[in-house]
Amino acid sequence: MSKDIKCIFSVARSEYVKWITNPRVIVVGVLLVFMKTLAIEPLLERADKIGEKIDVLEPFAAIGNSGMLVMLIPCVFMVLISDYPKMTGNTLYFVKRTGKKNWFIGQMLFVFFAIISFLTVILLGSVLMSQGSFTGNWSDVVTKYNAMFPDESGNFTSQLLPSNLYNQIPLITSILQTIGLMTVYMLVISMIIYFFKLIHIQSFGLLAAVFVVAGGVVTCSLKSELMWLFPMANTIVWLHYDIILDELNVPMWYTYAYFAVILSVLTIVNAIAVKHLEFINIEQVE
21 MSKDIKCIFS VARSEYVKWI TNPRVIVVGV LLVFMKTLAI EPLLERADKI GEKIDVLEPF
81 AAIGNSGMLV MLIPCVFMVL ISDYPKMTGN TLYFVKRTGK KNWFIGQMLF VFFAIISFLT
141 VILLGSVLMS QGSFTGNWSD VVTKYNAMFP DESGNFTSQL LPSNLYNQIP LITSILQTIG
201 LMTVYMLVIS MIIYFFKLIH IQSFGLLAAV FVVAGGVVTC SLKSELMWLF PMANTIVWLH
261 YDIILDELNV PMWYTYAYFA VILSVLTIVN AIAVKHLEFI NIEQVE
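Taking the numbering used here, the leading residue of the sequence shown gets 21, the next gets one more, and so forth.
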């Protein structure tokens with residue numbers, strides 16, 4: 021293994037250990053409680069009502085496609101990484117030993133590991149609380165309940181897994197797409213926070229990240245075409261599909277291109293910020 025790779029992994033490992041042992045990770049437990057209350061329990065109530073089991077993966081599909089939870093998940097992650105990258109006296113030592121470039125790549129690797137760990141906890145938590153069985157297919161609880169109880173078809177629980185999703189794509193595909201899109205969504209938020217931290221105006225970075233999330237929430241709520249300018253709409257898989265017709269309202273390639281462009285721009289501006297980062301006052305940076 022080359023010296024550069026060792027340095028990169030050293031930075032990532034150091035940041036990850038500090039992150040995973042930070043007391044604020046307790047907010048993940050609070051998120052799991054919200055998940056159980058808002059998504060899992062309503063599905064289990066429907067399962068009991070018709071005497072069927074849900075698939076263990078369906079709660080995660082509901083969580084990743086609920087407007088409320090897709091708002092909460094990135095907000096919780098923002099809390100978890102709000103003070104990263106850590107820039108204290110030890111940072112100067114790391115940068116001298118690794119170089120700015122390797123330090124920055126290590127930070128990005130840490131963020132990726134943090135996102136994957138965060139989503140893994142959400143996925144495993146939803147699976148363990150599902151009380152279901154694994155079939156890899158949409159259950160009758162999801163696909164037939166509204167037909168059995170049409171008077172409930174417009175309520176909150178029905179919107180967790182709308183027909184745009186289960187009529188158009190397989191369960192496994194929806195899970196993979198949800199994980200992938202949530203990953204890049206949180207990566208975008210992380211890189212926004214990182215950029216402003218690197219230029220020493222951390223508070224503005226959090227405000228910018230909150231604006232991105234809030235803009236997505238508002239435009240999605242209003243069903244405005246402007247919602248496709250924000251990451252949130254692009255992250256919710258079912259919004260891409262028509263309710264009945266086998267066609268896309270917005271092609272998935274647009275979403276992939278959207279995130280590719282955004283991440284490319286953020287990578288460039290972060291790289292420039294790192295190159296011009298002044299470490300002389302680093303001990304005064306909180």
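A virtual CB, placed ideally from N, CA and C, is assigned to each residue, including glycine.
Within its chain, find whatever has a CB closer than 7 Å to the CB of Gln309; leave out the 5 residues flanking it on each side and keep chain order. The displayed coordinates of the chain run from 21 to 306. Any statement about residue 309 would go beyond what the structure contains.
Discussion item. Quick check: what's the CA-CA separation for Met91 versus Val115?
Written reply: 35 Å
According to DSSP, simplified to helix, strand and coil, what is Ser153? strand
Exercise. Apart from the five residues just before and just after Ala228, which ones in its own chain have a Cβ nearer than 6 Å to its Cβ?
Worked result: Ile212
Short Cβ contact (7 Å threshold) for Pro79 with Ser150:
yes
Item checked: Limits of the unbroken alpha helix (DSSP H) element including Val208 -> 191-218
Discussion item. Less than 7 Å between C-beta atoms, sequence neighbours within five positions excluded: which residues of the same chain meet that for Gly236?
Written reply: Met247, Phe250, Pro251, Met252, Ala253
### Message
Buried or exposed, going by whether 16 or more other CB atoms sit within 10 Å of the CB of Trp273?
### Response
exposed
### Query
Expressed to the nearest angstrom, what Euclidean distance is found between the alpha-carbon atoms of Ser194 and Val257?
7 Å
Rounded C-alpha distance that separates Leu201 from Val53: 23 Å
Practice prompt. With a threshold of 16 other CB atoms inside 10 Å of the CB of Leu242, please say whether the residue is buried or exposed.
Written response: exposed
**Study point:** The alpha helix (DSSP H) enclosing Gln222, as first and last residue numbers
**Key:** 222-241
| Are three or more beta carbon pairs between the segment 161-172 and the segment 41-48 nearer than 8 Å? | no
Are Phe124 and Val294 touching if we call contact CB-CB under 7 Å?
-> yes
- prompt: According to DSSP, is Leu297 helix, strand or coil?
  reply: coil
**Item:** Integer-rounded CB distance, given that Met206 should sit under 8 Å from Ile135
**Value:** 5 Å
Exposure label - Ser210; buried when at least 16 CB within 10 Å: buried
Margin query: Let's see if you can read the secondary structure: which residues bound the alpha helix (DSSP H) around Arg44?
Written below: Careful: Arg44 lies outside any alpha helix (DSSP H) and carries neither H nor E.
Whole-angstrom C-beta distance between Ile83 and Met55, which should lie under 8 Å:
6 Å
Quiz item: Ser86 to Cys240, Cα distance in whole Å?
Solution: 11 Å
Report task. Go through its chain and collect everything with a Cβ distance to Val289's Cβ below 7 Å, but skip five positions before and after it. Result -> Phe215
Rounded to whole angstroms, what is the Cα-Cα separation between Phe169 and His260? 26 Å
Through-space distance from Pro94 to Val238, alpha-carbon basis: 15 Å
- request: Decide if Ile40 is buried, meaning its Cβ has at least 16 other Cβ atoms within 10 Å, or exposed.
  value: exposed
TODO: Scan the segment 246-289 and note each continuous beta strand (DSSP E) run of 3 residues or more that stays entirely inside, going in chain order.
DONE: none
Practice item. Per DSSP, which residues does Asp75 bridge with? Please list them. Key: Ser153
Open item on the list: Could you tell me the alpha carbon to alpha carbon distance between Ser34 and Tyr186, rounded to whole angstroms?
Closed with: 42 Å
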